[in-house]
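Going by the working numbering, the sequence shown opens with residue 1041, and the numbers climb by one from there. No residue lacks a Cβ here, since even glycine has one placed at the ideal position from N, Cα and C. A quick note: this is a predicted structure, and the numbers were derived from the prediction, not measured.
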Amino acid sequence: MATTNLIRGMGTFFKECEHPESRWSRCPHEYKIRYRNAAGRQTEEGGFTTQDKAKARLAEVYQARKNSPMSQRKAERIQKYGSMQFSEYVADWKKGQRHLSPSSLQHLDSLLTHHLLPEFGSRRMGTFDHKVVDAFIRTMERNGTGLATQANTFDKLKAILLDAHRLGLYEDNPLDGVKPPQYDPKRAVIPSIGQVKELRTAGDDAFRVVADLMSGCGLRNGEAYAVNVKNIVADDIYRVHEQVNHTTHTFARLKHRKDGEYRDVPLPAYTRQTIEWYADTYGTVDGYLLRRPTDISKPMQWWTIENQWRRIKDSGLVDIPEGMVMYGLRHFFASNCLGNNIPITDVAEWMGHRSIDVTFKIYRHLMPGSIGRAAQVLDLAA
């Protein structure tokens, strides 16, 4: 089947036969047309004996569609929103984000204030395309913006532009062909076992608890801050069901999880002993270990551990790999698991990744095996 395109948006006429387009005028097969109706659905019609009749019908449909109430409404939306500044559009868009929790709204405001509005605040909405978005990502990379912030900022920009796309502001999706911020495995600086052993005792006792939970159980920083002795559900299993939110400094649901959801992770003996020792030494409040000194009913503030981390790094007394951040302790957990042939599906679940693709992208280079090793295995199996 061959096809011929008319002006953009009008549709296509074609023949479903073996003849090339150069012979259509002489072959007996009927012409067909394909177009999008007023509702945007693809539609086909047949029975046209000549090319001119097929084109005439396409022109008729196209004109009717342009004059339809739906098309007129789309044109009105383009006129209204296309000239609107990004800052004005976002203010209106935010009103529809009623599903977001207070902490998520605070995070959204932070990304808008520090990244999106300074870059796009006065830009007209109708001027966005894939080149504009791609240039913004490259700007964040040049400015050394953290990868997590890059990804979160891109996700918010994507949601805003897709909302505009649904209104009909763009013929083509302005995100088509854009490569989102990608995790660079080279950034995942992972300490050795010896370095982890040094690090876990380099700070105070609260620092040791957090370090052991991150390196031993693969917890995120905020999940480790919410450590609770009641979460030890078996000698070798720790249940993760909440975290201390970085913005609100309160307990919150897990990342990528709904309220009440949890994940069970392996609990090494040394990590369990640290938790139990800390609870026996300092006591707990409803099972929680790490509390705010000025108000023990509230969780410990995240900077208590982060400040210690910076002091440890600056002291030079501990062997810390160049470029490592505290999150490297969580990377150590993944490296330790994958290096000991634990299935990546299990590692993804334990780390709370949204999908195994995330785990694979980040830690693929840590998985044992290579093309050469695979060739040997296949050869032996022959």
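The C-beta of Tyr1328 has 16 or more other C-beta atoms within 10 Å across all chains shown, which makes the residue buried. In the DSSP annotation of this structure, the continuous segment of the beta strand (DSSP E) that includes Asp1304 starts and ends at Arg1303 to Pro1306. Counted as a single uninterrupted DSSP element, the beta strand (DSSP E) harbouring Arg1279 occupies residues Ile1277 to Val1280.
Note on the stretch 1287 to 1374: whole alpha helix (DSSP H) runs with a minimum of 4 residues are 1309 to 1322 and 1343 to 1355, in chain order. A residue is called buried once 16 or more other Cβ atoms fall within 10 Å of its Cβ, and His1371 is buried on that count. By DSSP's assignment, Thr1083 forms a beta bridge with Tyr1075.
Lys1237 is bridged by DSSP to nothing; it lacks a bridge partner.
When secondary structure is reduced to three states using DSSP, Asn1261 falls in the helix class.
The alpha-carbon of Met1340 is positioned some 34 Å away from that of Asn1380. Lys1196 is positioned such that its CB atom lies no closer than 8 Å to that of Leu1157.
DSSP places Phe1176 in the helix class (H, G or I) of the three-state scheme.
DSSP places Phe1088 within a strand segment (E or B) once states are collapsed to three.
Boundaries cannot be given for Ile1230, as no alpha helix (DSSP H) includes it and DSSP labels it neither H nor E. Inter-segment contact for the stretch 1212 to 1224 and the stretch 1272 to 1281 is absent: fewer than three beta-carbon pairs are separated by less than 8 Å. Between the stretch 1246 to 1258 and the stretch 1113 to 1132, the count of Cβ pairs shorter than 8 Å is below three; the stretches do not touch. The three-state secondary structure of Ala1274, taken from DSSP, is strand. Under a 10 Å Cβ-count criterion, Arg1066 is classified as exposed, with fewer than 16 other Cβ atoms of the shown protein chains found around its own Cβ. Ranked by how close their Cα comes to the Cα of Arg1350, the residues Ala1242, Thr1083, Glu1181 and Ile1396 have Ala1242 in first place. Taking Glu1263 as reference, the option from Lys1270, Ala1246, His1281 and Gln1125 with the minimal CA-CA separation is His1281.
Residue state for Arg1164 is assigned as strand, using DSSP reduced to three classes.
By the C-beta density criterion, Arg1178 is exposed, having fewer than 16 other C-beta atoms within 10 angstroms.
By the criterion of a C-beta distance shorter than 6 Å, Tyr1102 is surrounded in its chain by Met1050, once the five residues flanking it on both sides are discounted.
A straight-line Cα-Cα distance of about 22 Å links Thr1083 and His1205. Rounded to the nearest angstrom, the gap between the Cα atoms of Val1249 and Tyr1318 is 8 Å.
Around the beta-carbon of Leu1357, fewer than 16 other beta-carbon atoms lie within 10 Å, marking it exposed.
Check the Cα spacing between Ala1266 and each of Ile1384, Gln1348, Arg1332 and Lys1401: the tightest is with Arg1332. In this structure the stretch 1119 to 1137 lies against the stretch 1164 to 1173, because at least three pairs of beta carbons, one per stretch, are closer than 8 Å. Of the candidates Leu1152, Tyr1210 and Asp1169, the residue whose Cα lies closest to the Cα of Gln1190 is Leu1152.
Lys1135 sits in coil when the DSSP states are folded into three classes, being neither helix nor strand.
Excluding residues up to 5 positions away in sequence, Gly1327 lie with their Cβ nearer than 7 Å to the Cβ of Lys1270 in the same chain. Counting every other CB atom within 10 Å of its CB across the protein chains shown gives Asp1092 a total below 16, marking it as exposed.
Contact between the stretch 1382 to 1393 and the stretch 1361 to 1368 is absent, with fewer than three C-beta pairs closer than 8 Å. The residue among Pro1142, Pro1231 and Asn1347 with its C-alpha nearest the C-alpha of Ala1246 is Asn1347. Shortest Cα-Cα distance from His1393 to any of Thr1321, Arg1312 and Arg1297 involves Arg1297. One alpha carbon belongs to Gly1184, the other to Phe1176, and they sit about 13 Å apart. In the three-state DSSP reduction, Lys1219 falls in the coil class, being neither helix nor strand.
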